[in-house]
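K.L.:
Start counting the sequence shown at 1; every next residue gets the next number (the UniProt record's numbering). Every residue gets a Cβ at the ideal spot worked out from N, C-alpha and C, and that includes glycine. Here the structure is a predicted model, which means the values were calculated and not measured.
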Amino acid sequence: MRQFFKYVFATIVGILLFTFVAFLMVLAIGSAFSAASGDEVSVKENSVLKLNLNSPIREIGVENPFGGFGPFNSSGDVIGLIDLKQALANAKLDPNIKGVYVQTEYPQTGWASLEEIRNALIDFKKSKKFVVAYGEVMTEKGYYIASVADNIYLNPAGALEWNGLDAEYTFFKGTFDKLGIKPEIFRVGEFKSAVEPFIREDMSEANKAQTTSFLNSLNTHFLANVAQSRGLQVPELKKLADDLSIQTAGDALRAKLVTKVAYYDEVETDIRKSLKIDEKKKIDFVTLGKYENAKKYVEEGNIKNRIAVIVTDGEIVSGKDDENIASDRVAEQIRKARLDEKVKAIVIRVNSPGGSALASDVMWREIVLANKAKPVIASMSDYAASGGYYLAMGARQIVAEPNTITGSIGIFGMLFNTEGFFKDKLGITYDRVVTNTHSDFPSFTREMTPFEKNVLQQSVNRGYEIFTSKAAQGRKLSVDSLKALASGRVWSGVQAKANGLVDELGGLDRAIQLAAKAAKLEAGDYRVRYTPEKKNAIEELVKSFTGSDEETMQATLGDLAPYVKYLKTLKRMEGIQARLPFGLDVK
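Next comes the structure, spelled out in structure tokens:
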């Protein structure tokens, strides 16, 4: 009998727990869908916009519908760069927002995106409202954003990274040698280094030279902006990095890189003083996710005139893939904007290291057709290289950030001979019968003949001629002049502006201004529409339980996740490629 009552009691407790959890889920789902439905969020007087930028930042955000709801909360949301900038522009005019608090320790994005955020904060400060930044630690990327704040706080036990920028490449030749896999490479140009990770154990001299060049360009821009914001000199900033002088929070304070060493409660005390409220009163923080649904103070403009901003973010592939720049999907978006009479101009926003040369050409064609019907302006984000540059070169004008990584005009082809791997490691062999001499060409399970290798190399050569001739036409240069800038060489935005590969330095807002001007539209006489839009609430609800493929991979594999991503990229590679080196990340 005692066992019976024990099981009954356990069942009752289980039912109660299940009911409680289900109740929380219903509340969270209801709140999530309420927020997704666009219900206006009320912002209290004397509020502070709170921006936690310690997450991946991409062009289009991915919102967690359970964000902020206890056990369903997640700090892994993808922040939308466009959403973030729009929020700051609105907060600048919002009388209820008195300042911005930024937590920027390790933002996960590229340098051009950081530039856009930084400039948006500078613009916000024109309202005479305060900007404060706090971090327990700060990477140089995090500090680049924080450097424009009125007050920069660093935790007393924390640290500030200040040792210069680096670009690291991962090489796989040793792995392929051990596995008995032989890469067959076909490329044009001494700087086309995307294939080096598969055939070398280190960087070639040409790749080292180009990386040194664009990395120093990015670093020069970084130091100049920090020096201007903090009232310091570039030589002293360089010396601090060379000597590894910034080891503690106190070092950062003495070097005037931060304004105060403080704990978070002390930061809140200072914010209360700025708000002129009692030290016991709770600060009314409003997060980015909630503020997106607050009252809009930025005028949208005339709905009859539109500028379509088509956002392309990721690797370039064929088809209709939602996670990358898929040629069929993007071409359809461009075509729709070209045929829409309300759309007076188009901005192509490019954030891509490249990918399929064929897919790039398909989208380039649609951009060229659109440019004949109405102005098309290209806006480069963190990367617009190789296939990414292929998209941009069809536009009327190209705008890049000073720290955009672009160029890499060149293509390559790569096949893997796996005969040794299957035979020596797995004991698998192959034999075949053919009707013609090269019926099985190309094959992954046998060595190609010199004739076959030459056929593939000639195909790559033709692709390179097509790429460079179209680039020369788009940039109004001779083919020889364009080729002098090509050969797969990578440039910073500053360098690309100097050599004529881009027309102007600036962000997405500047590209939109140029598009409006080209369409003869005055400020306030048009609306901007972004494509694609955010995923709908149901899709994000499912993702909150299952997690995106990338999130699941990161959580499961940890530090090994980037290498699995490389393998997935290899799997997606079909045909001739126009792309940057794998895994290039400037830190």
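Cβ atoms of Arg-489 and Gln-103: under 8 Å apart, would you say?
P.N.:
No, they are not a contact pair.
K.L.:
To the nearest angstrom, how far is it from the Cα of Ala-206 to the Cα of Thr-406?
P.N.:
Between Ala-206 and Thr-406, the C-alpha separation is close to 17 Å.
K.L.:
Glu-105 and Gly-142: beta carbons closer than 8 Å?
P.N.:
Taking 8 Å as the Cβ cut-off, Glu-105 and Gly-142 qualify as a contacting pair.
K.L.:
Got a sec? Which residues, its chain only, sit under 6 Å from Gly-70 by beta carbon, not counting five neighbours each side?
P.N.:
At Gly-70 the pLDDT is 44, less than 50, meaning the model places this residue with poor confidence; the figure from the coordinates comes in the next sentence. Around Gly-70: no qualifying Cβ.
K.L.:
So, at 7 Å on beta carbons, what are the nonlocal neighbours of Phe-444 in its own chain, with the 5 sequence-adjacent residues on each side left out?
P.N.:
Cβ within range, chain order: Leu-415, Phe-416, Asn-417 and Thr-418.
K.L.:
Please name the residue, chosen from Ile-79, Gln-397 and Leu-51, that lies closest to Leu-505 on a Cα-to-Cα basis.
P.N.:
The shortest C-alpha separation from Leu-505 is found at Gln-397.
K.L.:
Let's see if you can read the secondary structure: which residues bound the alpha helix (DSSP H) around Lys-239?
P.N.:
Element bounds for Lys-239: 234–242.
K.L.:
Count the other CB atoms within 10 Å of the CB of Arg-58; is the residue buried (16 or more) or exposed (fewer)?
P.N.:
Answer is buried; the Cβ neighbour count reaches 16.
K.L.:
If we ignore side chains and look at the alpha-carbon of each, how far apart do Gln-554 and Asp-321 end up?
P.N.:
Any reading at Gln-554 is ruled out, since the residue's pLDDT is 48, under 50, leaving its predicted position unreliable.
K.L.:
Tell me the DSSP secondary structure of Ile-409 in three-state form.
P.N.:
Coil.
K.L.:
Output the boundary residues of the alpha helix (DSSP H) element that contains Arg-527.
P.N.:
Where Arg-527 is concerned, there is no enclosing alpha helix (DSSP H), although the beta strand (DSSP E) it sits in stretches over 527–531.
K.L.:
So, at 8 Å on beta carbons, what are the nonlocal neighbours of Glu-299 in its own chain, with the 5 sequence-adjacent residues on each side left out?
P.N.:
Only Gly-524 meet the Cβ criterion.
K.L.:
Threshold first: 4 residues or longer. Then list the alpha helix (DSSP H) segments lying entirely within the segment 316–392, N to C.
P.N.:
Listed in chain order, the complete alpha helix (DSSP H) runs (minimum 4 residues) inside the segment 316–392 are 327–339, 357–373 and 387–392.
K.L.:
Find the nearest neighbour of Val-362 within the set Val-188, Arg-338 and Ser-327, judged by alpha-carbon distance.
P.N.:
Ranking Val-188, Arg-338 and Ser-327 by Cα distance to Val-362 puts Ser-327 first.
K.L.:
Quick one: is Leu-426 buried, meaning 16 or more other Cβ sit within 10 Å of its Cβ, or exposed?
P.N.:
The residue in question, Leu-426, is exposed, as its Cβ has fewer than 16 Cβ neighbours within 10 Å.
K.L.:
Is the CB-CB distance between Leu-485 and Asn-499 below 8 Å?
P.N.:
A contact, by the Cβ cut-off of 8 Å.
K.L.:
Cα separation between Ile-377 and Tyr-526?
P.N.:
For Ile-377 and Tyr-526, the distance between alpha carbons rounds to 16 Å.
K.L.:
Cβ of Ala-112 within 8 Å of Cβ of Asn-454?
P.N.:
No; because the gap between Cβ atoms is not below 8 Å, this pair is not in contact.
K.L.:
For the putative contact between Ala-337 and Ile-346, defined by C-beta atoms under 8 Å, what is the C-beta separation to the nearest angstrom?
P.N.:
Indeed they touch by this definition, with Cβ atoms about 5 Å apart.
K.L.:
Could you give the distance in angstroms between the alpha-carbon of Thr-552 and the alpha-carbon of Ile-181?
P.N.:
Since pLDDT at Thr-552 reaches only 48, below the 50 mark, its modelled position is unreliable, and no value is offered.
K.L.:
Residues in its own chain within less than 8 Å of Ile-428 by CB, not counting five upstream and five downstream?
P.N.:
Here the set comprises Phe-422.
K.L.:
Any idea what DSSP makes of Pro-56, helix, strand or coil?
P.N.:
If DSSP states are grouped into helix, strand and coil, Pro-56 belongs with the strands.
K.L.:
Beta-carbon within less than 7 Å of Ser-469's beta-carbon, same chain only, minus the 5 sequence neighbours each way: which residues are those?
P.N.:
Excluding residues within five positions, the ones whose Cβ falls inside 7 Å are Val-479.
K.L.:
Alpha carbon to alpha carbon, what distance is there between Ser-487 and Glu-40?
P.N.:
Their Cα atoms are separated by approximately 52 Å.
K.L.:
Evaluate Glu-168 with the Cβ neighbour count: other Cβ atoms within 10 Å of its Cβ, from every protein chain shown; 16 or more gives buried, anything less gives exposed.
P.N.:
Per the 10 Å Cβ criterion, exposed.
K.L.:
Let me check one thing: in DSSP terms, what residues is Thr-312 bridge-paired to?
P.N.:
Answer is Val-350, bridged to Thr-312.
K.L.:
On a Cα-Cα basis, can you pick out the residue from Val-62, Met-138, Val-148 and Ile-79 that is closest to Val-100?
P.N.:
When only C-alpha atoms are compared, the closest one is Val-148.
K.L.:
Can you give me the start and stop residues for the beta strand (DSSP E) that Val-132 sits inside?
P.N.:
First-last of the beta strand (DSSP E) with Val-132: 130–138.
K.L.:
Assess contact between the segment 287–299 and the segment 178–194, defined as three or more Cβ pairs (one per stretch) separated by less than 8 Å. Is contact present?
P.N.:
Counting Cβ pairs under 8 Å, fewer than three are found: no touch.
K.L.:
In the DSSP output, which residue or residues are listed as bridge partners for Phe-416?
P.N.:
BP columns for Phe-416 point to Pro-183.
K.L.:
Hey, could you find the ends of the beta strand (DSSP E) Arg-103 is sitting in?
P.N.:
Checking the sequence, you will find Gln at residue 103 rather than Arg. Element bounds for Gln-103: 97–103.
K.L.:
Put Arg-230 into one of helix, strand or coil per three-state DSSP.
P.N.:
It is helical.
K.L.:
Roughly how many angstroms lie between the CA atoms of Ser-31 and Gln-495, to the nearest whole one?
P.N.:
Reliability fails at Ser-31, whose pLDDT of 48 lies under 50, so the model's placement of it is uncertain and the value that follows must be treated cautiously. Cα-Cα distance, rounded: 48 Å.
K.L.:
Please find out if some non-hydrogen atom of the ligand NAP comes closer than 7 Å to the beta-carbon of Tyr-263.
P.N.:
Because no ligand of any kind appears in the structure shown, any question about the ligand NAP cannot be addressed here.
K.L.:
Under the DSSP definition of a beta bridge, which residues are partnered with Thr-248?
P.N.:
DSSP lists no partner for Thr-248.
K.L.:
As an exercise, report each continuous alpha helix (DSSP H) stretch of at least 4 residues that is fully enclosed by the segment 457–492, in chain order.
P.N.:
Listed in chain order, the complete alpha helix (DSSP H) runs (minimum 4 residues) inside the segment 457–492 are 479–485.
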